[in-house]
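Working notes for the structure below.
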Amino acid sequence: MSLYFFYLFAGILIFASLAVVLARNPLYNVLALVVAIFSLSCLFVLLEAFFVGMVLLLVYAGAVLVFFLFVVMCLNLNTITLTSAQQSRFRLLGCTVGLMFLASFGLAFKSFIRAQTMDASNIRGTIEIIGKILFTDYLLPFELTSLLLLIAIFGIVSLAQGALSTGKNTENL
Amino acid sequence: MIHLGNYLALSGIIFSIGLVGVMTSRNVLKVLLSLELLLAASNLSFVAFSKFNGDYAGQLIVFFVILVAAAEVAIGLAIIVVMYRRLSTIQADELKEMKW
Chain A
2 MSLYFFYLFA GILIFASLAV VLARNPLYNV LALVVAIFSL SCLFVLLEAF FVGMVLLLVY
62 AGAVLVFFLF VVMCLNLNTI TLTSAQQSRF RLLGCTVGLM FLASFGLAFK SFIRAQTMDA
122 SNIRGTIEII GKILFTDYLL PFELTSLLLL IAIFGIVSLA QGALSTGKNT ENL
Chain B
396 MIHLGNYLAL SGIIFSIGLV GVMTSRNVLK VLLSLELLLA ASNLSFVAFS KFNGDYAGQL
456 IVFFVILVAA AEVAIGLAII VVMYRRLSTI QADELKEMKW
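In order, the protein sequences belong to chains A and B. The first sequence begins at 2 in my numbering and counts up one residue at a time. The second sequence begins at 396 in my numbering and counts up one residue at a time.
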């Protein structure tokens, strides 16, 4: 069973990363990377690395790639004009995906109700193991990472300030 | 049963695709996206080694890689925005200011 899932997500991952490199439209590149990261986190779940898979999904697909999308739309590299037929097709697709999400939400809610009556599981989570290693052996790298993020914030702010004062064609943005 | 070799082969394939993207694309945004693919491939092999050796430090390394990648992407995208404002393009060939 897990072998089939491995091949499924491996196929999606390879296909999506080919699309990241080969697609011409930058928007499609970013969206393909979202798909690739999603299937990568599915592979992490197959490898029983639940915490890292969730962090990957939240930080990458949730924050980093939305940031990418923001920049692509901000630069406005190519404008797509939709015909009304395309628009209605996208609307149909959106409604289908939304209904699927609603159905999966209903399933999740049902399993949540069932889980409340069950006993506590004896499966050890990976969060407590990783947290234990993180705050004992790897405490110094963890603290240094916060320093790195601080320096990154300084860099971005100084870049943005320089762009504001020396930007030649700021009316484009 | 899935072996370690399957994951390592998959990781190698993704790494090669990302490397081709970094080498061939002239769009700076695409180079950054391909760099993300390289990081994702190395993350996959870290987690696979962590699972098959029973050592959770590999997953911790992935955690750090994600943090560093977030900082890298933020700086890189800020540089891209500044570049677009100054040159009105994000093709890497147009960056000629520091040419000898």
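Idealized CB from N, CA, C, for every residue including glycine. Quick caveat: nothing in here was measured; it's all calculated off a predicted structure.
When the Cα atoms are used, what is the spatial distance from residue i to residue j?
i	j	result
A116 of chain A	I397 of chain B	30 Å
T97 of chain A	A37 of chain A	22 Å
F410 of chain B	L14 of chain A	12 Å
S406 of chain B	L439 of chain B	6 Å
N170 of chain A	Y479 of chain B	Its pLDDT being 49, under 50, N170 of chain A is placed unreliably by the model, and the measurement read from it follows with that caveat. Whole-angstrom Cα-Cα distance: 9 Å.
V417 of chain B	S429 of chain B	6 Å
I412 of chain B	L427 of chain B	13 Å
I131 of chain A	D450 of chain B	10 Å
L32 of chain A	A452 of chain B	31 Å
S3 of chain A	L47 of chain A	7 Å
R421 of chain B	L414 of chain B	13 Å
Are residue i and residue j touching if we call contact CB-CB under 7 Å?
i	j	result
Q454 of chain B	V56 of chain A	no
P27 of chain A	L424 of chain B	yes
V21 of chain A	A62 of chain A	no
For residue i, count the other beta carbons within 10 Å of its own beta carbon; 16 or more makes it buried, fewer makes it exposed. Which is it?
i	result
I475 of chain B	buried
L140 of chain A	exposed
F86 of chain A	Residue identity differs from the one stated: residue 86 of chain A is Ala in this sequence, not Phe. Counting Cβ neighbours within 10 Å, A86 of chain A comes out exposed, since fewer than 16 surround it.
F113 of chain A	exposed
V73 of chain A	buried
F441 of chain B	buried
N448 of chain B	exposed
F458 of chain B	buried
Just to confirm the assignment, what range does the alpha helix (DSSP H) spanning residue i have?
i	result
I408 of chain B	L399 to T419
R115 of chain A	S85 to Q117
G453 of chain B	A452 to L482
N438 of chain B	V423 to N448
M74 of chain A	L66 to L76
Y8 of chain A	S3 to L23
Can you check whether the C-beta of residue i is within less than 7 Å of a C-beta belonging to chain B?
i	result
V35 of chain A	no
S18 of chain A	yes
N26 of chain A	no
T137 of chain A	no
E172 of chain A	Bear in mind that the predicted position of E172 of chain A carries a pLDDT of just 48, short of 50, making it unreliable; the figure below should be weighed with that in mind. E172 of chain A does not count as touching chain B.
G63 of chain A	no
L77 of chain A	One point to set straight first is that residue 77 of chain A is Asn, not Leu, in the sequence displayed. No, no contact with chain B.
I15 of chain A	yes
Contact criterion: CB-CB distance below 7 Å. Does residue i meet it with respect to chain A?
i	result
K491 of chain B	no
Q454 of chain B	yes
A469 of chain B	yes
V460 of chain B	no
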